[in-house]
Amino acid sequence: MSSIVGGHVNYLNPVKSGKVPLEQWGNAVVEQAKKEGLVFGVGQNTHYHGTAKGAKQAPKFQLVIPAKYR
């Protein structure tokens, strides 16, 4: 199953984020998310999905949910 946010590995809510993360990588992720339409939520619950410079995707993996949890 593919993700609706593509291969992006970062997300943040700038309202809840600290000043340092915003300055270091968050503002770039927000701009990227706006360009790509990966903005979700409303008002103070809005969050942005993108990939910060230098971030890497995790390798592919398979998640197996035991039958008793299905």
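Note that UniProt numbering has the sequence shown beginning at 1, numbered continuously upward.
Quick reminder that beta carbons are idealized off the backbone N, C-alpha and C, glycines included.
Just to confirm, is the Cβ distance from V9 to Q57 under 8 Å?
Taking the first residue of the sequence shown as 1, we reach residue 9 at position 9. Taking the first residue of the sequence shown as 1, we reach residue 57 at position 57. In this structure, Q57 lies closer than 8 Å to V9 by Cβ.
Return the first residue and the last residue of the alpha helix (DSSP H) that N27 is part of.
Working through the sequence shown from its first residue, we reach residue 27 at position 27. 27-36 is the span of the alpha helix (DSSP H), which, as asked, contains N27.
Less than 8 Å between the C-beta atoms of G26 and P14, yes or no?
Reading the sequence shown from its first residue, position 26 is the one you call residue 26. Reading the sequence shown from its first residue, position 14 is the one you call residue 14. Contact: yes.
Are the Cβ atoms of Y48 and V29 separated by less than 8 Å?
Locating residue 48 in the sequence shown gives position 48, counting from the first residue. Locating residue 29 in the sequence shown gives position 29, counting from the first residue. It is a contact, given that the beta carbons lie within the stated cut-off.
Starting from Y48, follow its DSSP beta bridges and name the residues at the other end.
As a position in the sequence shown, residue 48 is number 48, starting the count at 1. Answer is L12, V39, bridged to Y48.
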